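Working notes, structure below.
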C-alpha cells in the first residue's frame, strides 16, 4: 500500500497534545541507549523482505502456518547467530525477538524455536554441571541441536508432584530408563516439541536403587539429526490447533523404555553416582528462583499486551465517528463519548502501571537473587507470594483489558485484520501457563494467612506485608480524604481486613472440626479475594511510588500527564473494588460520588493526550499489525487493503458455486 | 473412535445425583412434544454421514472452510426443503438448524445460508406488499435465489441514521439508482454476502423528487443466476477472517449506479408512487418490533452458550484430578475445590435463569405484538428499554461465563478440541451485533431517567419500572434479612438509587450550564451502570418468579435442586454488586459475611447434582464437539484421538525440516 497522509482527526490529536511523546518513548524503552538499540533491531529485522508475509497467517491452514513459521524461525535464528557472533546478543535482544514485541511482528502466532532459546539453553546453563555445559552448550548455541523443555503432562500441570513420567536408574548399564507409563503421563504442550525439536530436557520422577528421589531433568534425544525420524521408543506429534499461539508447534511426547546415559541427567543441584547412590540437592528452594524469574517477566508481558491493545483502540477511537452526542452537531470522534473513554483510558494507565511495577519487581528479584547466592533465603517466601498474585492479577486484568479494547472497536475489532484476536490469544494464555491463576492466588493467600497469624502474635513483618501489622493496630480507618496517599493506605487497610476475614473464617471451620486444609478449601473464595486485594494494594503503592518518582525527573509537561495517569489508575482501581472499601471503611454516599466525579474528571483531563500517550508506547506498525491501529490512522483504507489479501477474493466466483450451490438452486426447477 | 465405557468418576456422579435429569431435560426442551421433535431432528441430521467432518474446521484454511461450509449448507438446505415439503418445518426447526444448537453441530463456524432463511425471507414477509411476497417468496423459499440482508456499513453500524448508501428515484425510468458514495458507505458484514448470495435486501437512504425520505429496503440482484458473476456496478467479496463465525462468508458490497425497478423497494410500510410521490409509513415504530424480536431471541442464545460451556467444564471437572486438598489424601476431582465450584456453578445457574427469563420475555413480546397489531403502542418503550439492557447484560455475562469455564479447564481449555474457542467466538459476537452493548445500556438508561422524572412528578409507572416509585417512597431500605424475596427487593431498591444518582448528576451538569445531551454524555458511566442494575433487578425478580413457579410443577427432588439454583443465582448476583448494595443499604459486615457463607453453602449443596444438572441440558456430543465435555467423560482418550486428525501428524517428518531446519542446523558446521 502506498504511503498515505495521516488521518486529519488523528493529526489534530497529535497537534494539540500537551507533551512530547518522544520524551516518554525514551523513558518507556529504558533510556536513550536502549531506545537506540530497539530502533536498530527493528531496522535489522523488519526491513528484511524475507520476514514479511504476503498472506496473513489467519488465512493459512494449520499445516501451512507451521511450515511458514519454521521457515521464518530459521531466518530469525540465522540473524541471531550473526548477532551472537558479533557479540550483540543480550537478554533484551532475545526478549524482543522471541517475545511479544518484535517477535510478534515477525511471527505473530509464536516461534517454534522459542523454547530452544528461552528454556532449553537456560536449563542446561542453570542445571548442568560445568562438564555438561561444555558438552551441550556449544551445540545448542549454534543450533546444531534444537531443544525444548518437557515438563507438563496431559494429566498434570501446575501440581508438579503429580507428574507421572519416571526415570529408573539401571546401574548395570549406567543408564536411565525413561517411561510415560500411562496416557495421562504423556508430555503435553512444550513449544517446538511437535515436529521441530530433536532434543528435550525431560522432567521425570527419579528412582535409583528402587527408591523415589523426586523430580530431575534429563536431556533426551527425540529425533535423528540427519533424518529427523523419531528415535526408538519416542511417540511424538503436534497437539493440535489452539485459541492462540498457533505457530508454536506445541507437542506431545510418549517415552517407552527410552535409555539415556547417566551423564544426561543435569546434575548441578543433585547427583546420581554410577552405582546409583543419590546425592540430594543442598537447597531445594533454588527452583523457586526460576519460577519467580519467569513470573516477573510475565508481568512486563501483560503491560506489553495492554499497550498494544490500547494503542489500536485509542487511535481507532480518534478516527471513527459515530452517534451524535448533541443531535444538532455532526457525529463526534467516538473517543468523545465518556463511556468510550472509560473503556480505553484505564487500559492505558494499567499498561503504564504494570510496566513500572514489573520493572520494580525485576529490581527486587535481582537483589533477591544476589541474596540467595549468598545463602540468605529470608525474603524468598515474601517475593514468591508477591510474584504469584501479581502474575495472576496482571494477566487477568490485561486479558480483560484487551477484550475491553476490542469490544470498544465494535464489529471491526472482531475482524482478524484488527489483530485483537491474536493479541487476546497471546494474553489470555498467561492466565494459565507458568502457574494457573487461581492456584497462584491460593499460594499467595496461604502465605498471607500465615503472616496474619504472626501479626496477631505481635511478630514483626517483612516489608511487603508490614501494612497488615499497621492495620491491626489501626482497627478503624479514619480520615479517608480521597487523596492519592489516602487511597493507597485504604487499599492496604482493606487488604489486611480481607486477610483477617479469611483467617477468621478458617478458624471458624477448624473449630467446627475440619482440618486446616479442608478449612482452607472451604474458604477458597475468601482466600483468593484476599490475595487479590494484597496484590492490588501492592500495585497501588507501586504506582504511587514509581510514577511520583518518574514525574520528578521528566519535563513538567510530561509530569502533569503522568499525574493524571496515576490518579486515574488509583481512582479506577478503588471504584472497581468499592464493595470491599465500603465494607471495611466507613465511606459515605458522598465519598463514592466524589470518587465517581473524579473518575470522570480524570477521563476528561486525559482526553487531549490520549493519542500522544499511546504514540509514546512507540509500537511499530508491524508490531501492531492492525488495520485499525496503524500510525497513519487510515483505518478504512487499510481494512479494504486487507480484503485484497484474502484468497477467497482472488476469483470472483468460487468453485463451490458450481459444485454445490448451483445444483442446489436448480434442484427443484 | 469405538464406544467407550463412561469414566467411573463421572458415572459415580450420575449414580449419586438426587434427581432425574430426564425430567429436567423435558422441561428444558419445552415439554414432552418438543423434546421428541428435538430428538427426531437430531437423528435426521446428525446421523447423516455426509454432514460429518473428518477434518476439524480449525485445521482448514479460510478458503477450505468456506467451501466445506457451503457444501454442508446446501445439504442442510436440501433436507430443509424436504421438511418443508412434508410440512414439518417450523420456527423451532429453523432456530435449531441455523442457530447454536443443532446448527452448531452441523456447521460449528456458522452457515453461509443462514441469513437467507432468518433475514432475507422474513424481511420480504414483513416488509413486502402482498404482490411483492407473491413475486419473491416462492423463489426464495425454494432457494432458486439466495438472499442476504445488507444494512450495516463499513462506517456505520448501530447508528442507523448515519448510513450513507443512497437510493435516488428516477421517475423517467421508474427505477431507483443505488450508490455507496464513499468507501465507508460500503455494506460490510452481511452473512453469505461474500460469495454465496445472489440477492440482497439493501437498506438505503431514500430520495425521491430530490427530497430525503428516510431509510428504505430494496431487493437488489447481486450476481448472475447462471454464472454467479457479480452484476454490473456491484463490487463484492469476503471481508476476511474473524475471531469466530468463520464459515459465515461475511461480505462487503459496493454499489455504483445500480438500477433496480420501482417494484424492488419493499413497500408494505411506506410507498413510492411511479411519479416519485412518497407515502410515509403510518407508524414509524414498527421497525422497533423486529429489533426487539431479535434481541429477545438473543437472550435465549446466551443461555445456550452458557449451557454448553458449563456442561463441558463441569464434566471435565468431575474427571480431572489435581492438587490434593488434604495432603494425606489422593488428588481429588477438581470439582471438589471450592474455587472451582465458584467458577462453574454460577454459570449453570445463569444458563437456567437466562433461559427462563428469555422464555418469559418471549411471552411478553408476543402479548406486545398483539397489542401493536391493534394499534396499542403503550408498552413499546418499556419493552424496548428492557430488551436493550437484557441483551447487553446476558451477552456480557455469557461471554465472561464461557471464558471462566474455559479457564477452569486450565491449558486443555485453550485447545480447539475443547471447543471453547469456537463457543467464545460465537458468544462474544452477541455483545456487538444487533446493537452494541454500551449503546444498548444507554438507550435503557435514557428511558429510566425519563421515568425517574415522571416518578418525581408523582406519575404512575408501567410494571417493569414500578419499583422506582416504591423506592422513592421508601427512602431507606430496612429489614434486609437475606431472604430471597429480600434480595430481589434490595436489587430493585439499589437499581432505583442508581437511576436517582444518574438523574441527579445530569441535573447538576445542567445547572452548570451544559445541555441535556452533553450532561448525559458526561454522566455516561453512571447511566450505563444504572441500566445494568435495572436489568439485573429484573433478572433477579424473573429468576425468583419463574423458578419458584417451575418448582411447584415438578417432582420434589427436582424442586429442591431448582431452589438451590435460585438461591445460588441470587446470592452470587448480590455479591457481584455488593458495592452498590453497601452504598445504598445499610448492610453490616456481618450481613456480608452471611452472604459469603451462604454462597459457599449453595456451592456445597449443588455439588452432588452438578453433573446431573448439566446432563439435563441434554446437549448432544456433536453439539458440544468437545474432547473435554463428551457424555462418556473419556477426556484423555478423546484428546489423543483428536491429535490423529491433525494433518501435521499424518507424516512423522514435515517437509519443512529438510527445506528450512536442516540447512539452518548445518549452516555452521
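Residue numbers (this note's numbering), protein chains in the order written: chain A, 1314 to 1982; chain B, 1314 to 1982. Note that the Cβ used here is the ideal one computed from N, Cα and C, for glycine as well. Since we're looking at a predicted model, the values are computed, not measured.
Annotation for residue 1811 of chain A: 1842, 1843, 1846 and 1893 place their beta carbon closer than 7 Å to its own, counting only its chain and skipping 5 residues before and after. The three-state secondary structure of residue 1710 of chain B, taken from DSSP, is helix. For the stretch 1638-1664 of chain A, the set of residues with a beta-carbon nearer than 7 Å to any beta-carbon of chain B comprises 1638, 1639, 1640, 1644, 1650, 1651, 1652 and 1655, in chain order.
In this structure, B:1542 is the residue among B:1542, B:1654, B:1485 and B:1886 with its C-alpha nearest to the C-alpha of residue 1508 of chain B.
Between residue 1515 of chain A and residue 1453 of chain A, the beta carbon gap of about 15 Å keeps them out of contact (Cβ cut-off 8 Å). Counting along the chain, residue 1534 of chain B sits inside the beta strand (DSSP E) bounded by residues 1524-1534. Shortest Cα-Cα distance from residue 1505 of chain A to any of A:1477, A:1802, A:1433 and A:1973 involves A:1433.
Counting only runs that start and end inside the stretch 1391-1464 of chain B, the beta strand (DSSP E) elements of at least 3 residues fall at 1460-1463. Rounded to the nearest whole angstrom, the CA to CA distance from residue 1320 of chain A to residue 1786 of chain B is 54 Å.
In summary, residue 1971 of chain A is exposed, with fewer than 16 beta-carbon neighbours lying within 10 Å of its beta-carbon over all protein chains present. Note: residue 1574 of chain B is bridge-paired with B:1488 in the DSSP secondary-structure output.
The alpha carbon of residue 1760 of chain A has as its nearest neighbour, out of A:1740, A:1747 and A:1702, the alpha carbon of A:1702. What residue 1730 of chain A touches in chain B, judged by beta-carbon distance under 7 Å, is 1553, going in chain order. For the stretch 1458-1473 of chain B, the set of residues with a beta-carbon nearer than 8 Å to any beta-carbon of chain A comprises 1458, 1459, 1465, 1467, 1468, 1469, 1470, 1471 and 1472, in chain order. Chain A has no Cβ within less than 7 Å of the Cβ of residue 1572 of chain B.
Per DSSP, the beta bridge partners of residue 1466 of chain A are A:1500.
Contact annotation for residue 1902 of chain B against chain A: 1896 [CB-CB distance below 7 Å, chain order].
Spatial neighbours of residue 1800 of chain B in its own chain (CB-CB distance under 6 Å, excluding positions within 5 residues in sequence) are listed in chain order as 1883 and 1887.
Per DSSP, residue 1482 of chain A is one residue of the beta strand (DSSP E) stretching across 1479-1483. Here residue 1317 of chain B is exposed, its C-beta having fewer than 16 other C-beta atoms within 10 Å.
Only residues of its own chain outside the window of five on either side were considered, and among them 1471 have a CB closer than 6 Å to the CB of residue 1752 of chain B, listed in chain order. For residue 1774 of chain A, there is no enclosing alpha helix (DSSP H), since its DSSP letter is neither H nor E. Annotation for residue 1520 of chain B: the continuous beta strand (DSSP E) segment containing it runs 1512-1521. For residue 1545 of chain B, no CB of chain A lies under 7 Å from its own CB, so it is not counted at the interface with that chain. Excluding the 5 residues flanking it on each side, residue 1673 of chain A has same chain C-beta neighbours closer than 7 Å at 1855 and 1859, in chain order. DSSP lists no beta-bridge partner residue for residue 1936 of chain A.
Between residue 1671 of chain A and residue 1616 of chain A, the CB-CB gap stays under 7 Å.
Residue contact with chain B for residue 1500 of chain A: absent (no Cβ-Cβ distance below 7 Å to any residue of chain B).
Per DSSP, residue 1944 of chain A is not a residue of any beta strand (DSSP E), being assigned neither H nor E. Within the same chain, Cβ atoms closer than 6 Å to the Cβ of residue 1348 of chain A are found at 1339 and 1342, the five residues on either side in sequence being excluded.
Sequence-ordered contacts of the stretch 1732-1743 of chain A with chain B read 1734 and 1742 [C-beta pairs closer than 7 Å]. Taking CB atoms only, residue 1969 of chain A has a neighbour in chain B less than 7 Å away.
Bounds of the alpha helix (DSSP H) holding residue 1891 of chain A are 1891-1897. The contact set of residue 1387 of chain A on chain B, defined by CB atoms closer than 8 Å, consists of 1973, 1974, 1976 and 1977 in chain order.
Excluding residues up to 5 positions away in sequence, 1554 lie with their Cβ nearer than 6 Å to the Cβ of residue 1375 of chain B in the same chain. The C-alpha of residue 1439 of chain B is placed about 30 Å away from the C-alpha of residue 1355 of chain B.
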